[in-house]
Amino acid sequence: MIGGLNLLRWVLVAVSIAAIFLQANHLIAIGRFELGPFFSFFTIQANLIAIGVLVISALGGMGLSEGFQAALRGASVLYLTITGLVYAVLLSQLPMVKEIVDPVADGVHHLLMPLWVLFDWVVDPPRNRPGYRRSLWWLVYPLSFLFFSLLRGAITGWYPYPFLSPDQAGGWVAVAIVSGVILLIACGLIGLIRLLVPRGSRADRSL
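In this note's numbering, the protein residues as written are 34 to 240.
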């Protein structure tokens, strides 16, 4: 089973990389591609993280401890789940988003990859369930992304997503509310992701 799963991991790595190039090509075609902003989207970053995690898993862990592998995989599940949910609820129906998103890359990055990493976590769970408090470290990246995006936006006027822009209705209050809600949902998702690990597993204290 593991051999077949690893083969599928490599397939998903290839598909996700192809989708990144496809999205970049779409932006180039419509004259909207800029290297910095392109790699500043949470979607692209989360998928790149997932690619790295899948490669590590497909190569048998590359010598990393089981606890650290579990942390990486769990974090990847969290980031892509956030990616899929936020896109579906806040972004997918916006005309400005539909204009710049390639439909095939959209399906890969916002649906296929989030579902795959979740499936991968369920069918090949870590041996030990990550401790909840330690799993909160998974939030470091999303919080860093938020802080950096807001800081850069305040300086340059460009924000990667409309809900992070104070120019929207409600200004900074709306930004704070949406960001807070996403953070609370992320905390809940951490608990759910942990619960998907078999109940007999003990919280890993090695991290």
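No residue lacks a Cβ here, since even glycine has one placed at the ideal position from N, Cα and C.
C-beta atoms of Ala52 and His142 nearer than 7 Å: Cβ distance < 7 Å, so Ala52 and His142 count as in contact.
Contact belief for Ala121 with Gln56 at Cβ below 8 Å, rounded distance in angstroms: About 17 Å; that fails the 8 Å criterion.
For Arg185, three-class secondary structure by DSSP: Of the three classes helix, strand and coil, the one that applies to Arg185 here is helix, per DSSP.
Environment of Pro163 [buried if 16+ CB atoms lie within 10 Å]: Its Cβ being crowded by 16 or more others within 10 Å, Pro163 is buried.
Inter-residue Cα distance where the pair is Val44 and Ile35: If I take the Cα positions, the gap works out to 14 Å.
Nearest-angstrom beta carbon gap, Ala219 and Leu111 [assumed within contact, 8 Å]: Contact holds; Cβ gap of about 6 Å.
Ala207 and Gln201 closer than 7 Å at C-beta: A contact, by the Cβ cut-off of 7 Å.
Range of the contiguous alpha helix (DSSP H) that encloses Phe72: Per DSSP, Phe72 lies in no alpha helix (DSSP H) segment and is marked neither H nor E.
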